[in-house]
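Using the UniProt record's numbering, read the sequence shown as starting at 1 and increasing by one per residue.
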Amino acid sequence: MNDNGYVNWSDVKETWYNQYTNYGEASLNVIRHLFEPEKFFAEESTTVNMPIFTGKDPITQERVFLIHSLVCAQLQQMLALVTNRRGLPDPVMPSFQRQNYIELSPCNIDNPQAYKKMEKEVAKMNKGRDRLRVAKEELKLAHALIEAKQYVFVSLDIEAYEEDHSILLEIGWSIYDSKTDLYMDQHYINSSYRHLVNGKYVDNQKLRFQFGTSVWCTLKQALEELRKDLDWAVERDGGFVLVGHGLDSDIKYLATQKFKWPGRCINGSGSGSGGRGGDVDNVRISAAVAILNTDTMYGASIGNPTNPPSLGTTLSKVGIDAWCLHNAGNDAHYTLLLFMTLINSTRATHGSG
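In C-alpha coordinates, the structure reads:
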(Lines of atoms letter the chains of each structure in order from A; the text may use other names.)
(Lines give C-alpha, C1' and ligand atoms only; values in the text may rest on other atoms or scores of the structure.)
Protein backbone atom coordinates (compact mmCIF):
# COMPACT_ATOMS: atom_id res chain seq x y z
CA MET A 1 0.00 0.00 0.00
CA ASN A 2 1.87 3.10 1.21
CA ASP A 3 3.98 4.39 4.08
CA ASN A 4 1.17 5.85 6.18
CA GLY A 5 -1.44 3.26 5.28
CA TYR A 6 -3.66 5.46 3.10
CA VAL A 7 -4.64 4.85 -0.50
CA ASN A 8 -6.17 7.03 -3.18
CA TRP A 9 -9.94 6.50 -3.15
CA SER A 10 -10.20 7.03 -6.91
CA ASP A 11 -7.45 4.48 -7.57
CA VAL A 12 -9.26 1.91 -5.41
CA LYS A 13 -12.48 2.27 -7.39
CA GLU A 14 -10.65 2.31 -10.71
CA THR A 15 -8.86 -0.95 -9.81
CA TRP A 16 -12.15 -2.74 -9.28
CA TYR A 17 -13.80 -1.16 -12.34
CA ASN A 18 -10.92 -2.41 -14.49
CA GLN A 19 -11.07 -5.88 -12.93
CA TYR A 20 -14.70 -6.41 -13.92
CA THR A 21 -14.62 -4.67 -17.32
CA ASN A 22 -14.27 -8.00 -19.14
CA TYR A 23 -17.35 -9.49 -17.47
CA GLY A 24 -19.85 -7.49 -19.45
CA GLU A 25 -21.45 -4.08 -19.21
CA ALA A 26 -24.20 -5.27 -16.86
CA SER A 27 -21.73 -6.61 -14.29
CA LEU A 28 -19.59 -3.50 -14.51
CA ASN A 29 -22.60 -1.25 -14.02
CA VAL A 30 -23.49 -3.13 -10.83
CA ILE A 31 -20.01 -2.41 -9.47
CA ARG A 32 -20.15 1.23 -10.52
CA HIS A 33 -23.59 1.67 -9.00
CA LEU A 34 -22.29 0.57 -5.60
CA PHE A 35 -19.83 3.47 -5.53
CA GLU A 36 -22.07 6.21 -6.87
CA PRO A 37 -22.21 8.98 -4.22
CA GLU A 38 -26.03 8.90 -4.15
CA LYS A 39 -25.91 5.26 -3.04
CA PHE A 40 -22.56 5.00 -1.26
CA PHE A 41 -23.24 8.00 1.01
CA ALA A 42 -27.00 7.56 1.34
CA GLU A 43 -28.23 7.92 4.92
CA GLU A 44 -29.48 4.32 5.03
CA SER A 45 -26.32 2.78 3.53
CA THR A 46 -23.75 0.87 5.57
CA THR A 47 -20.94 2.94 4.03
CA VAL A 48 -22.26 6.44 4.71
CA ASN A 49 -19.91 7.11 7.62
CA MET A 50 -16.88 5.45 6.09
CA PRO A 51 -13.77 7.32 7.29
CA ILE A 52 -12.53 9.31 4.32
CA PHE A 53 -9.80 11.92 4.22
CA THR A 54 -8.27 14.41 1.87
CA GLY A 55 -4.50 14.44 1.53
CA LYS A 56 -1.78 15.76 -0.71
CA ASP A 57 0.49 13.72 -2.92
CA PRO A 58 3.99 14.82 -1.85
CA ILE A 59 5.33 14.51 -5.40
CA THR A 60 2.60 16.03 -7.57
CA GLN A 61 1.08 18.20 -4.80
CA GLU A 62 -2.35 17.06 -6.00
CA ARG A 63 -5.01 16.85 -3.29
CA VAL A 64 -7.00 13.60 -3.40
CA PHE A 65 -9.55 11.60 -1.41
CA LEU A 66 -7.98 8.89 0.73
CA ILE A 67 -9.13 5.86 2.70
CA HIS A 68 -7.09 3.73 5.06
CA SER A 69 -5.89 0.34 3.83
CA LEU A 70 -7.96 -1.34 6.59
CA VAL A 71 -11.09 0.36 5.28
CA CYS A 72 -10.10 -0.74 1.79
CA ALA A 73 -9.98 -4.35 3.02
CA GLN A 74 -13.49 -3.99 4.50
CA LEU A 75 -14.79 -2.62 1.20
CA GLN A 76 -13.18 -5.56 -0.59
CA GLN A 77 -15.17 -7.95 1.62
CA MET A 78 -18.38 -6.00 1.04
CA LEU A 79 -17.84 -6.04 -2.71
CA ALA A 80 -17.10 -9.79 -2.63
CA LEU A 81 -20.63 -10.43 -1.29
CA VAL A 82 -22.04 -8.70 -4.36
CA THR A 83 -19.74 -10.30 -6.92
CA ASN A 84 -20.23 -13.81 -5.50
CA ARG A 85 -23.98 -13.51 -5.92
CA ARG A 86 -23.39 -12.80 -9.59
CA GLY A 87 -20.92 -15.63 -10.03
CA LEU A 88 -17.98 -13.26 -10.42
CA PRO A 89 -14.52 -13.73 -8.88
CA ASP A 90 -13.59 -11.98 -5.65
CA PRO A 91 -12.26 -8.44 -6.03
CA VAL A 92 -8.50 -8.15 -5.85
CA MET A 93 -6.91 -6.10 -3.12
CA PRO A 94 -5.54 -2.96 -4.80
CA SER A 95 -1.77 -2.56 -4.69
CA PHE A 96 -0.12 0.79 -5.20
CA GLN A 97 3.30 2.31 -5.13
CA ARG A 98 4.35 3.34 -1.64
CA GLN A 99 3.24 6.91 -1.08
CA ASN A 100 3.33 8.88 2.14
CA TYR A 101 0.46 11.32 1.71
CA ILE A 102 0.76 14.58 3.61
CA GLU A 103 -1.60 17.19 5.09
CA LEU A 104 -4.30 14.63 5.87
CA SER A 105 -7.65 16.09 6.84
CA PRO A 106 -10.75 14.07 7.84
CA CYS A 107 -13.96 14.67 5.90
CA ASN A 108 -17.35 14.70 7.56
CA ILE A 109 -19.43 13.11 4.82
CA ASP A 110 -22.84 11.88 5.93
CA ASN A 111 -24.83 12.41 2.73
CA PRO A 112 -24.25 12.59 -1.04
CA GLN A 113 -24.46 16.39 -1.08
CA ALA A 114 -21.64 16.66 1.46
CA TYR A 115 -19.44 14.48 -0.74
CA LYS A 116 -20.17 16.53 -3.86
CA LYS A 117 -19.43 19.73 -1.96
CA MET A 118 -16.09 18.31 -0.83
CA GLU A 119 -15.36 17.23 -4.41
CA LYS A 120 -15.75 20.83 -5.55
CA GLU A 121 -13.48 22.07 -2.76
CA VAL A 122 -10.78 19.56 -3.69
CA ALA A 123 -11.08 20.52 -7.38
CA LYS A 124 -10.74 24.19 -6.42
CA MET A 125 -7.60 23.48 -4.40
CA ASN A 126 -6.09 21.51 -7.28
CA LYS A 127 -6.90 24.32 -9.69
CA GLY A 128 -5.03 26.69 -7.38
CA ARG A 129 -2.10 24.26 -7.34
CA ASP A 130 -2.01 24.20 -11.14
CA ARG A 131 -2.18 27.98 -11.28
CA LEU A 132 0.71 28.29 -8.83
CA ARG A 133 2.79 25.83 -10.84
CA VAL A 134 2.26 27.86 -14.02
CA ALA A 135 3.05 31.09 -12.15
CA LYS A 136 6.31 29.66 -10.83
CA GLU A 137 7.26 28.54 -14.33
CA GLU A 138 6.63 32.07 -15.60
CA LEU A 139 8.78 33.55 -12.83
CA LYS A 140 11.56 31.08 -13.62
CA LEU A 141 11.36 31.99 -17.31
CA ALA A 142 11.66 35.67 -16.40
CA HIS A 143 14.84 34.93 -14.45
CA ALA A 144 16.30 32.97 -17.35
CA LEU A 145 15.59 35.75 -19.84
CA ILE A 146 17.11 38.43 -17.61
CA GLU A 147 20.21 36.35 -16.99
CA ALA A 148 20.60 35.64 -20.72
CA LYS A 149 21.04 39.39 -21.42
CA GLN A 150 19.85 38.82 -24.96
CA TYR A 151 16.57 40.71 -25.36
CA VAL A 152 14.81 44.03 -24.91
CA PHE A 153 12.05 43.98 -22.29
CA VAL A 154 9.06 46.16 -23.19
CA SER A 155 6.62 47.05 -20.42
CA LEU A 156 3.32 48.27 -21.83
CA ASP A 157 0.32 50.13 -20.40
CA ILE A 158 -2.78 51.71 -21.93
CA GLU A 159 -5.28 54.06 -20.32
CA ALA A 160 -8.82 53.96 -21.70
CA TYR A 161 -11.60 56.47 -21.19
CA GLU A 162 -13.54 55.40 -18.11
CA GLU A 163 -16.93 56.08 -19.74
CA ASP A 164 -16.11 54.21 -22.95
CA HIS A 165 -13.28 51.68 -23.00
CA SER A 166 -13.21 51.69 -26.79
CA ILE A 167 -11.58 55.14 -26.57
CA LEU A 168 -7.88 54.94 -25.75
CA LEU A 169 -6.55 58.14 -24.17
CA GLU A 170 -2.90 57.23 -23.49
CA ILE A 171 -0.30 54.63 -24.24
CA GLY A 172 3.04 54.26 -22.52
CA TRP A 173 5.90 51.82 -22.66
CA SER A 174 9.12 51.36 -20.78
CA ILE A 175 12.10 49.60 -22.30
CA TYR A 176 14.93 47.75 -20.59
CA ASP A 177 17.76 46.71 -22.89
CA SER A 178 19.35 43.77 -21.10
CA LYS A 179 22.37 43.85 -23.43
CA THR A 180 23.33 47.41 -22.52
CA ASP A 181 21.57 47.69 -19.13
CA LEU A 182 19.83 50.88 -20.31
CA TYR A 183 16.24 52.08 -19.76
CA MET A 184 13.93 54.29 -21.81
CA ASP A 185 10.39 55.58 -21.14
CA GLN A 186 7.75 56.73 -23.63
CA HIS A 187 4.35 58.37 -23.08
CA TYR A 188 1.87 59.34 -25.79
CA ILE A 189 -1.45 61.15 -25.31
CA ASN A 190 -4.22 60.79 -27.89
CA SER A 191 -4.74 64.29 -29.32
CA SER A 192 -8.02 63.24 -30.94
CA TYR A 193 -9.65 63.11 -27.50
CA ARG A 194 -7.96 66.07 -25.86
CA HIS A 195 -11.31 67.07 -24.33
CA LEU A 196 -11.88 63.72 -22.56
CA VAL A 197 -10.46 63.14 -19.08
CA ASN A 198 -10.92 60.48 -16.44
CA GLY A 199 -11.57 61.31 -12.81
CA LYS A 200 -14.95 59.83 -11.97
CA TYR A 201 -13.84 56.22 -11.51
CA VAL A 202 -10.13 56.42 -12.30
CA ASP A 203 -7.66 59.15 -11.32
CA ASN A 204 -6.92 61.69 -14.03
CA GLN A 205 -3.12 61.72 -14.29
CA LYS A 206 -2.87 62.26 -18.03
CA LEU A 207 -0.64 65.33 -17.73
CA ARG A 208 1.57 64.06 -14.91
CA PHE A 209 4.12 61.85 -16.63
CA GLN A 210 7.10 61.62 -14.26
CA PHE A 211 9.80 60.10 -16.47
CA GLY A 212 10.14 62.30 -19.53
CA THR A 213 8.08 64.45 -21.86
CA SER A 214 4.61 63.42 -22.98
CA VAL A 215 3.92 63.53 -26.71
CA TRP A 216 0.53 64.65 -28.06
CA CYS A 217 -0.35 62.89 -31.30
CA THR A 218 -2.98 60.71 -32.89
CA LEU A 219 -3.32 57.17 -31.63
CA LYS A 220 -2.25 55.95 -35.06
CA GLN A 221 1.03 57.87 -34.74
CA ALA A 222 1.61 56.57 -31.21
CA LEU A 223 1.12 52.98 -32.30
CA GLU A 224 3.51 53.53 -35.19
CA GLU A 225 6.16 54.64 -32.67
CA LEU A 226 5.53 51.54 -30.56
CA ARG A 227 5.90 49.38 -33.63
CA LYS A 228 9.20 51.11 -34.53
CA ASP A 229 10.65 50.25 -31.12
CA LEU A 230 9.49 46.65 -31.39
CA ASP A 231 10.87 46.35 -34.93
CA TRP A 232 14.24 47.66 -33.76
CA ALA A 233 14.35 44.99 -31.04
CA VAL A 234 13.36 42.24 -33.46
CA GLU A 235 15.90 43.28 -36.08
CA ARG A 236 18.70 43.38 -33.52
CA ASP A 237 17.81 40.41 -31.30
CA GLY A 238 15.29 38.32 -33.21
CA GLY A 239 12.54 39.06 -30.69
CA PHE A 240 11.49 40.98 -27.60
CA VAL A 241 10.00 40.25 -24.18
CA LEU A 242 6.60 41.79 -23.43
CA VAL A 243 5.89 42.74 -19.81
CA GLY A 244 2.76 44.07 -18.13
CA HIS A 245 0.51 44.02 -15.09
CA GLY A 246 -2.84 42.56 -16.09
CA LEU A 247 -1.42 42.56 -19.60
CA ASP A 248 -4.37 40.81 -21.23
CA SER A 249 -6.48 43.98 -21.11
CA ASP A 250 -3.75 46.04 -22.80
CA ILE A 251 -3.35 43.39 -25.50
CA LYS A 252 -7.12 43.46 -26.09
CA TYR A 253 -7.07 47.26 -26.36
CA LEU A 254 -4.42 46.99 -29.08
CA ALA A 255 -6.45 44.33 -30.86
CA THR A 256 -9.42 46.73 -31.08
CA GLN A 257 -7.11 49.13 -32.94
CA LYS A 258 -6.00 46.34 -35.29
CA PHE A 259 -2.42 46.79 -34.11
CA LYS A 260 0.04 44.62 -36.02
CA TRP A 261 2.79 42.94 -34.04
CA PRO A 262 6.13 42.22 -35.70
CA GLY A 263 6.39 38.63 -36.87
CA ARG A 264 9.19 36.31 -35.94
CA CYS A 265 12.54 36.97 -37.54
CA ILE A 266 12.85 35.03 -40.79
CA ASN A 267 16.48 34.09 -40.33
CA GLY A 268 15.97 33.43 -36.63
CA SER A 269 19.10 35.34 -35.65
CA GLY A 270 18.11 38.97 -35.61
CA SER A 271 21.75 39.92 -35.92
CA GLY A 272 21.10 43.21 -37.60
CA SER A 273 20.30 41.60 -40.93
CA GLY A 274 16.79 43.01 -41.05
CA GLY A 275 15.14 39.64 -41.46
CA ARG A 276 11.72 40.63 -40.14
CA GLY A 277 8.82 38.23 -40.34
CA GLY A 278 6.06 40.61 -41.44
CA ASP A 279 2.93 41.53 -39.50
CA VAL A 280 0.72 39.39 -37.28
CA ASP A 281 -2.50 40.16 -35.42
CA ASN A 282 -1.91 37.75 -32.55
CA VAL A 283 0.89 38.66 -30.15
CA ARG A 284 1.23 35.00 -29.16
CA ILE A 285 2.52 34.09 -32.60
CA SER A 286 4.57 37.27 -32.94
CA ALA A 287 8.25 37.93 -32.32
CA ALA A 288 7.54 38.14 -28.59
CA VAL A 289 9.74 35.42 -27.12
CA ALA A 290 7.78 35.63 -23.86
CA ILE A 291 4.78 37.44 -22.38
CA LEU A 292 5.37 38.05 -18.68
CA ASN A 293 2.78 39.33 -16.22
CA THR A 294 4.03 40.98 -13.04
CA ASP A 295 0.77 40.11 -11.29
CA THR A 296 1.45 36.43 -12.00
CA MET A 297 5.09 36.75 -10.96
CA TYR A 298 4.08 38.42 -7.70
CA GLY A 299 1.61 35.59 -7.04
CA ALA A 300 4.40 33.06 -7.57
CA SER A 301 6.65 34.96 -5.16
CA ILE A 302 4.10 34.74 -2.33
CA GLY A 303 2.82 31.26 -3.21
CA ASN A 304 -0.69 32.45 -4.03
CA PRO A 305 -1.48 33.53 -7.61
CA THR A 306 -5.26 33.83 -7.08
CA ASN A 307 -6.91 37.27 -7.03
CA PRO A 308 -3.77 39.27 -7.84
CA PRO A 309 -3.74 42.82 -6.44
CA SER A 310 -3.71 45.95 -8.55
CA LEU A 311 -0.47 47.52 -9.71
CA GLY A 312 -0.60 50.16 -6.97
CA THR A 313 -1.25 47.62 -4.22
CA THR A 314 1.48 45.31 -5.50
CA LEU A 315 4.00 48.15 -5.64
CA SER A 316 3.17 49.01 -2.04
CA LYS A 317 3.52 45.40 -0.93
CA VAL A 318 7.04 45.13 -2.35
CA GLY A 319 8.08 48.51 -0.94
CA ILE A 320 8.07 50.66 -4.09
CA ASP A 321 6.87 54.25 -3.69
CA ALA A 322 4.83 55.22 -6.74
CA TRP A 323 3.47 58.58 -7.88
CA CYS A 324 0.72 59.49 -10.33
CA LEU A 325 -0.45 56.01 -11.23
CA HIS A 326 -3.08 55.72 -13.98
CA ASN A 327 -0.80 57.68 -16.24
CA ALA A 328 0.13 55.17 -18.95
CA GLY A 329 3.78 56.18 -19.02
CA ASN A 330 4.13 56.05 -15.25
CA ASP A 331 2.34 52.71 -15.02
CA ALA A 332 4.61 51.21 -17.68
CA HIS A 333 7.68 52.51 -15.83
CA TYR A 334 6.54 51.21 -12.45
CA THR A 335 5.54 47.87 -13.94
CA LEU A 336 9.06 47.42 -15.29
CA LEU A 337 10.47 48.50 -11.91
CA LEU A 338 8.19 45.96 -10.22
CA PHE A 339 9.39 43.31 -12.68
CA MET A 340 13.04 43.94 -11.83
CA THR A 341 12.28 44.08 -8.11
CA LEU A 342 10.56 40.69 -8.25
CA ILE A 343 13.52 39.28 -10.18
CA ASN A 344 15.96 40.51 -7.54
CA SER A 345 13.87 39.50 -4.53
CA THR A 346 13.27 35.94 -5.77
CA ARG A 347 16.66 35.23 -7.30
CA ALA A 348 17.65 32.77 -4.55
CA THR A 349 14.44 30.72 -4.70
CA HIS A 350 13.25 31.00 -8.31
CA GLY A 351 16.33 31.75 -10.37
CA SER A 352 17.16 29.54 -13.32
CA GLY A 353 20.46 28.54 -11.80
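The beta carbon of each residue, even a glycine, is placed where N, CA and C say it ideally should be. Bear in mind the structure is a predicted one, so any value in this text is a computation, not a measurement.
Classification of residue i by the beta-carbon crowding that lies within 10 angstroms, buried from 16 upward
i      : result
Trp173 : buried
Phe339 : buried
Lys120 : exposed
Thr346 : buried
His165 : exposed
Tyr176 : buried
Asp185 : buried
Among the options, nearest to residue i - alpha-carbon criterion
i      : options                          : result
Gln76  : Lys13, Gly199 and Asn18          : Lys13
Tyr115 : Ala42, Trp261 and Cys217         : Ala42
Phe259 : Gly238, Val283 and Asp237        : Val283
Thr213 : Tyr161, Asn330 and Leu219        : Asn330
Gly92  : Thr314, Lys56 and Gln74          : In the sequence on display, residue 92 carries Val and not Gly. Selected option, being the one with the closest Cα: Gln74.
Gly303 : Asp130, Thr341, Val243 and Tyr23 : Asp130
Thr294 : Ala287, Pro308 and Pro51         : Pro308
Phe223 : Lys200, Val202 and Asp250        : One detail in the question is off: residue 223 reads as Leu in this sequence, not Phe. It is Asp250 whose Cα lies nearest to the Cα of Leu223.
Ile167 : Tyr176, Thr83 and Thr218         : Thr218
Leu156 : Lys220, Met78 and Leu336         : Leu336
Boundaries (first-last residue) of the alpha helix (DSSP H) holding residue i
i      : result
Ile320 : First-last for Ile320: undefined, no H or E at that position.
Phe339 : Ala328 to Ser345
Ile67  : No alpha helix (DSSP H) contains Ile67, which is instead part of the beta strand (DSSP E) from Arg63 to His68.
Cβ of residue i within 7 Å of any chain C Cβ
i      : result
His326 : The displayed structure is made up of one protein chain only, and chain C is not part of it.
Which of helix, strand or coil DSSP assigns to residue i
i      : result
His195 : coil
Asn108 : coil
Phe35  : helix
Phe240 : strand
Glu44  : coil
Thr54  : strand
Asp177 : strand
Ile167 : strand
Asn29  : helix
Arg129 : helix
Tyr151 : coil
Leu207 : coil
Spatial neighbours of residue i in its chain, beta-carbon cut-off 8 Å, leaving aside the 5 residues before and after
i      : result
His33  : Lys39
Asp279 : Lys260, Trp261, Pro262 and Gly263
Val21  : This sequence places Thr at residue 21; Val is not what is there. Excluding residues within five positions, the ones whose Cβ falls inside 8 Å are Leu28.
Boundaries (first-last residue) of the beta strand (DSSP E) holding residue i
i      : result
Met184 : Leu182 to Asn190
Leu292 : Ala288 to Asn293
Own chain partners of residue i with C-beta closer than 6 Å, once the 5 adjacent residues on each side are dropped
i      : result
Asn8   : Val64
Ala322 : Leu315 and Tyr334
Glu159 : Leu169, Glu170 and Ala328
Leu207 : none
Contact set for residue i: own chain, Cβ-Cβ below 7 Å, skip 5 residues either direction
i      : result
Gly272 : Low local confidence applies: a pLDDT of 45 at Gly272 is under 50, so the model's placement there is unreliable, and no value is given.
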